[in-house]
Every structure is written in structure tokens, then in C-alpha cells.
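Number of protein chains: 2
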Amino acid sequence: MTAQRKVIRDVIWGSDGHLTSEQIYFLAKEKMPSISLGTVYRNLSLMSDEKEITRISIPGSPDHFDKNTVPHQHICCAKCGRLEDVELPGLGDLIKNAVSADVISYSLSIKYLCPDCAAKARTESGSDRP
Amino acid sequence: MTAQRKVIRDVIWGSDGHLTSEQIYFLAKEKMPSISLGTVYRNLSLMSDEKEITRISIPGSPDHFDKNTVPHQHICCAKCGRLEDVELPGLGDLIKNAVSADVISYSLSIKYLCPDCAAKARTESGSDRP
DNA sequence: AATAATAATAGGAATTATTACTAAAAGGAG
DNA sequence: CTCCTTTTAGTAATAATTCCTATTATTATT
Chain A
1138 MTAQRKVIRD VIWGSDGHLT SEQIYFLAKE KMPSISLGTV YRNLSLMSDE
1188 KEITRISIPG SPDHFDKNTV PHQHICCAKC GRLEDVELPG LGDLIKNAVS
1238 ADVISYSLSI KYLCPDCAAK ARTESGSDRP
Chain B
1138 MTAQRKVIRD VIWGSDGHLT SEQIYFLAKE KMPSISLGTV YRNLSLMSDE
1188 KEITRISIPG SPDHFDKNTV PHQHICCAKC GRLEDVELPG LGDLIKNAVS
1238 ADVISYSLSI KYLCPDCAAK ARTESGSDRP
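Taken in order, these protein sequences are the chains called A and B. For what it's worth, the working numbering labels the leading residue of the first sequence as 1138, then goes sequentially. For what it's worth, the working numbering labels the leading residue of the second sequence as 1138, then goes sequentially.
Written out as C-alpha cells, the structure reads:
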């Protein structure tokens, strides 16, 4: 465990989760200004491989990293991009039943309009002057 | 419907599905050598928006495009990258029940070892000389 | 059919996210 | 402390995709 890796780890543990590599890089830089982007990427990949953190892949946006390693999925607002956790009990079984071969991993991403953006969209389309 | 768009459409319809933008570009170029990559990308995005085709996003590999617009999911071999369709009846309901807000779209991608690659892995690890 | 207005294209530059490379620094075993 | 391995910082390179612009095609209008 190098000092750099500890800083990265602390940034992720000190957050609410769902940070991008870039966000982690800038937060880590506050604690250790000499840290380099390559180091952040390499450590994030290593930590994902070791299942210390989870890599979240969302189509059309950069990868996010989650301190929560308990299986769960994510919903992503189509407008603002904000991520929220969502539990889908039964998804694992559903997949196991449908796929005969051994599953290595799976990832589900759901696009929706978050309450904030949905409210904004309503007022905009509802008002007289668009 | 421009000539270019028709060529792109024909390439996709003439395939088994699951082509990348690059593959579509090169196949389209055979029928229309002047076609440009930007045109292919733009038309694929338009056609996806109009739901004439489906964009398949797989973490770690370029987008693929599918002529099959009936809801279904994909399994991707972790070794060779080959894509196969998989039906997951009940997934839509599972998501609807878990997410209170309106869902715009969702996509599931499953990583596994395809039969061919699994066989290769077995003979390699099983033999005396690795 | 000629002309004007609009939309789409080809070709290339630019962007984004990420990985690869390399020389220097750090860390550990003996 | 010295040798050996690992990791780092910094930079260059890559991959996929988007953006830009002058040109070309298409459509509408007269």
C-alpha cells in the first residue's frame, strides 16, 4: 500500500461514492499535489480488480468508481447525469437462469429523468413562454 | 433518405447484426467508396434516435449497432469479444418495480466466456506444458 | 427550368477518456 | 547499505467519437 494508493482510497471512502476518475484525481491532488493522473487510473483499475471498489460503466459517460462493493445497480439521469443506487433483487438469478455458461460479471444501467430534472422539464413545457 | 443512409441501412440489414461503427464504415465503403466516417457515425446516431436500429453499449468495447429493435440484451465474451443475443423476459418488469420514476431506457451487458474460449482455456490449463 | 433556401456530406481537425512508455524515485530483502 | 523489484510522475500515444467547414445535393419557389 503506497501513500498514493492510500490517498486515492481515502478520497473514495470520504465521498458518497460515484466519483469519476477525474474527480478522484482532483480530490487526491488536494491531499497530495504531486500525484499523477496515470497513478490514479492504475490504482483505480487495481482496486477494481481486487474488488476493493466497483467500476461503474455508464454508456456515454466516463467510468465512475463506487466504494460500495455489494452487488447493486445504478440509475443515471439522462439530463444531469447524476447517479443513484438501485437494488434489483432477483437480477442475478434472472441472468443465471437465462445464460447457460458461467457468468463473469454483468452491469445494468438505467436512464431516467431524476426528480429535479423532471420538475424543471414540467415547468418549462407548462409555462406560456418557453 | 439519402443515398448514403440507404447504403448504411443495407449494410446493417445485410448483416447478422452486432456490427461496430468501423465495420459498418468499411462495408459501406465497398458499396460507396466516397462515404465518410462522419456520415456513418451521424446516420447511426440518427437511426438509433429514430429507433430504426439499436445502439449496443458494452463496457470496454466500441458501440455496436443491431438491426433487431425488439427489446433484448447481450452477452459478450470476455476473451474474444463476440456478442450474442440473450432474452431476459421479466427484466423490464423487474426494473419498473424497482424504479419509481419513468424509465427512459436500460441496457444490460453480461460478460462470460464463450464456449470456444472456454474450451481453449480448458486445454491450455489442463496440459502439462503451459 | 432557373434560382434561392435548406439539409447533408466529405474530409479533416479536435475532443475525451484512457492506456502506454520511460526515466527516476521509493521500498523491501538480505 | 546495496541490489532488486515495484511504483511513480510526466508525457506521449491511442481509440472512439464528435465537431467544423466548405462543398454538394435536395427541395421548394417562381
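Here a beta-carbon is modelled for each residue, glycine too, at the ideal position from N, C-alpha and C.
Contact between the stretch 1175-1185 of chain B and the stretch 1222-1238 of chain B is absent: fewer than 3 CB-CB pairs across the two stretches fall below 8 Å. Here the alpha carbon of B/G1154 sits roughly 5 Å from the alpha carbon of B/D1203. Between the C-alpha atoms of B/A1238 and A/P1252 there is a straight-line separation of about 8 Å. Nearest CB-CB separation between A/I1212 and chain B: below the 8 Å threshold.
Rounded to whole angstroms, the Cβ separation of A/I1241 and B/A1165 is 33 Å, and the two are not in contact under 8 Å.
Closer than 7 Å at the C-beta level to chain B, one finds these residues of the stretch 1174-1198 of chain A: S1194 and P1196.
If you check the CB distance, A/L1156 and A/Q1210 do not come in under 8 Å. Closest in alpha carbon position to B/M1169, among B/T1191, B/V1144 and B/C1213, is B/V1144. B/S1158 is outside the set of residues whose beta carbon lies under 8 Å from a beta carbon in chain A. Shown here for A/Y1249: same chain residues with a beta carbon closer than 6 Å to its own, the five before and five after excluded, namely I1212 in chain order. Around B/I1145, no beta-carbon contact reaches into chain A at under 7 Å, the shortest distance being about 21 Å. If you draw a straight line from the Cα of A/P1208 to the Cα of A/T1139, it is about 28 Å long. Leaving aside the five residues that flank B/Y1243 on each side, the residues in its chain whose CB is nearer than 6 Å to its CB run, in chain order, I1232.
Within the stretch 1169-1210 of chain A, the beta strand (DSSP E) runs of at least 3 residues that lie entirely inside it are, in chain order, 1191-1195 and 1198-1203. Where B/D1153 is concerned, there is no enclosing beta strand (DSSP E), because DSSP gives it neither an H nor an E.
Residue-level contact check: A/K1248 touches chain B, since one or more beta carbons of chain B fall below 8 Å from its beta carbon. Residue range V1240 to Y1249 is occupied by the beta strand (DSSP E) that includes A/K1248. Taking the beta carbon of A/L1225 as reference, the chain B residues within 8 Å of it are L1231, I1232 and A1235, listed in sequence order. For A/E1224, the secondary structure class from DSSP, reduced to helix, strand or coil, is coil.
Counting only Cβ-Cβ distances below 9 Å, B/V1240 has contacts in chain A at I1212, I1247, K1248 and Y1249, in chain order. Interface flag for A/L1228 against chain B is set, since a Cβ pair is found closer than 8 Å. Taking the CA atoms as reference points, A/L1183 sits about 31 Å from A/N1234. When DSSP states are grouped into helix, strand and coil, A/C1217 belongs to the coil group. Rounded to whole angstroms, the gap between the alpha carbons of B/G1229 and B/R1259 is 36 Å. A check of alpha carbon separations from B/I1149 across B/L1220, B/K1257, B/H1201 and B/C1217 identifies B/H1201 as the nearest.
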